[in-house]
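Okay, so here's the structure we're looking at.
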Amino acid sequence: MAGFGLGKIKELQEAFQKAQQVQAGAQKLQEELEQMEIEGSSEDGLVKVVMSGNQEPRGVTIAPEALEKGAESLANLVTEAMKAAYVESTDTMRSKMEELTSGLNLPGM
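Using my numbering, read the sequence shown as starting at 161 and increasing by one per residue.
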């Protein structure tokens with residue numbers, strides 16, 4: 161029986177340690193993302209949407225001037241703000257995950 165010496169056992173131990181680090185970090189990151197408030201707004205700033213870091217909707221603020229633009233325009237402004245918040249949230253999540261996994265030399269990451 162060849163090929164499974166002490167070097168391989170040490171590599172396996174290191175891999176398990178890295179996996180545990182990533183798991184603990186991912187759990188902490190999930191908690192951080194839940195607490196974050198990320199804002200996106202329409203281009204004109206009349207509508208603002210707040211989401212958590214994991215994209216849970218938290219609230220919408222609509223300026224009175226946005227109401228005067230009519231229902232269709234207001235819908236477009238809300239959609240624009242939602243997209244902006246979503247992009248910001250996704251970028252934040254991606255950045256935090258890269259921080260978590262940097263230096264771990266994980267295959268496929």
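All C-beta atoms in this analysis are idealised placements derived from N, C-alpha and C, irrespective of residue type, glycine included.
Candidates V220, E258, T252: which alpha carbon is nearest N214's?
The shortest C-alpha separation from N214 is found at T252.
Skipping 5 residues on each side, what residues in its chain have a beta carbon closer than 6 angstroms to that of I222?
Here the set comprises V207.
Taking Cβ positions, are M242 and G200 nearer each other than 8 angstroms?
Their beta carbons are under 8 angstroms apart, which means M242 touches G200 by this criterion.
Anyone know if the C-beta pair for V270 and L237 falls short of 8 angstroms?
Absent from the model: residue 270. The displayed extent of the chain is 161 to 269, so no value can be given.
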